[in-house]
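> What follows is a single structure, and I will ask about it in a moment.
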């Protein structure tokens, strides 16, 4: 999160945010956030999440669009972390600043807990559960229409990292920029019929909880219009990216195993064509660009650990060569 945005946050804003959803500043527990301020609190014995978003990241209309999409999924039986109404009966509250504002939203905390590495790897039951919920979302996406045009979420090209690639990637990495522009051109050529719609945009082990064989998805902040293949490639990427190049066979085997069980769940609800499977390589590359840009945006390169340093070097090599993190996954 940008330093200047952090500096705008103060106890007065936090207190207003807390009170708008019926809790107190003293009850808020900071739990993190990459582009938002995220807190946990308890009310009437139930756990909730409070999220504070600066207007430069998402406007109030964009957040309303996100929450409307989440409510639609919930109403159609998808297990998601539901937004809750504020004390004034709104899903979104605003705390105004001079020339800008913070957007406040609150959600039911997802039951269960996260499944981190390495437990999430080669976890066939989890892979199938991910496929099941992704397939349901994509099938529902085909019928979804926002209630108002101003609530319509952005297209994939408006991803904040992609838009700022030249700002965050050092100028001497011309080859990285060239390959990114070529990739975008290739993706634009893909057909949109039946495979393009509103997606979650960031399904990974940090954005769902599992409780008694039930997966509950949250953090729809990156929901956007894109090819459904991107939602799948994001999950595939995060299952294999932790394996470095000295174990490429392990990475390939892990990818094939993940897709085998993921597709069992996915294809209970919608079809995954051979063309779409082949397109995964393009979106694996796109996700690696997003991660690479994000690391350059947020990391202190003088304090990287060995794994991160190695990953960044390997990632740059792949991006410059125009290859995805795993090639043999079918």
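Residue numbers (UniProt numbering): 1 to 330. We put the beta carbon where it would ideally sit given N, CA and C, even for glycine. Bear in mind the structure is a predicted one, so any value in this text is a computation, not a measurement.
Rounded to whole angstroms, what is the Cα-Cα separation between residue 287 and residue 328?
One C-alpha to the other measures close to 17 Å.
> Between the alpha carbons of residue 157 and residue 24, how many angstroms are there, rounded?
Each residue's Cα considered, the two are about 39 Å apart.
> From the DSSP output, which residues share a beta bridge with residue 96?
101, per the DSSP bridge assignment.
> Flag this pair as yes or no: are the beta carbons of residue 120 and residue 205 separated by less than 7 Å?
Closer than 7 Å, so yes.
> Straight-line CA distance for residue 1 to residue 37?
Low confidence applies here, because residue 1 scores a pLDDT of 48, under 50, leaving its location unreliable and the question unanswered by this model.
> Report, in whole angstroms, the separation of the C-beta atoms of residue 383 and residue 292, which I expect to be a contact under 8 Å.
What the structure shows of the chain is the stretch from 1 to 330, and residue 383 is not part of that stretch, so it cannot be assessed.
> Looking only at DSSP bridge pairs, what is residue 281 linked to?
Per DSSP, none; premise fails for residue 281.
> Which term fits residue 193, buried or exposed, when burial requires 16 or more other beta carbons within 10 angstroms of its beta carbon?
Looking at its Cβ environment, which holds fewer than 16 other Cβ atoms inside 10 Å, residue 193 is exposed.
> Do the segment 73-88 and the segment 131-140 touch if we need at least three Cβ pairs shorter than 8 Å?
Result yes; three or more Cβ-Cβ pairs closer than 8 Å.
> What do you reckon, are the CB atoms on residue 68 and residue 168 nearer than 7 Å?
Their beta carbons are not under 7 Å apart, which means residue 68 does not touch residue 168 by this criterion.
> Indicate whether residue 326 and residue 242 have their beta-carbon atoms separated by less than 7 Å.
The answer is no: Cβ separation not under 7 Å.
> Going by C-alpha distance, which of 195, 140, 188 is nearest residue 274?
Minimum Cα distance to residue 274 is reached at 195.
> What runs of the alpha helix (DSSP H), each 4 residues or longer, lie entirely inside the segment 214-301?
List check, alpha helix (DSSP H) in window: 228-240, 248-266, 274-298.
> Could you name the residues of the same chain whose beta carbon sits closer than 6 Å to that of residue 8, not counting the 5 residues immediately before and after it, in chain order?
Closer than 6 Å at the Cβ level, and outside the excluded window around residue 8, lies no residue.
> Using only the alpha-carbon positions, how far apart do residue 101 and residue 94 sit?
Residue 101 and residue 94: Cα-Cα distance of roughly 7 Å.
> Would you identify the three-state DSSP class for residue 70, choosing helix, strand or coil?
Helix.
> Smallest Cα separation from residue 83: which of 97, 98, 63, 96?
Answer by Cα proximity: 63.
> Can you tell me whether DSSP reads residue 33 as helix, strand or coil?
Here residue 33 sits in coil by DSSP.
> Output yes or no for whether 7 Å exceeds the beta carbon distance between residue 285 and residue 183.
In contact: residue 285 and residue 183 (Cβ atoms closer than 7 Å).
> Between which two residues does the alpha helix (DSSP H) harbouring residue 317 extend?
Residue 317 -> alpha helix (DSSP H) spans 306-321.
> Between the alpha carbons of residue 60 and residue 112, how many angstroms are there, rounded?
Approximately 30 Å, taken between the alpha carbons.
> Using the three-state DSSP reduction, which class does residue 205 fall into: helix, strand or coil?
Helix, per DSSP.
> DSSP state of residue 1, grouped into three classes?
With a pLDDT of only 48 at residue 1, under 50, the local geometry of the prediction cannot be trusted, and the value read off the model is given with reservation. Coil.
> Along the chain, where does the beta strand (DSSP E) that runs through residue 197 open and close?
It spans 196-199 - the beta strand (DSSP E) in which residue 197 sits, taken as one unbroken run.
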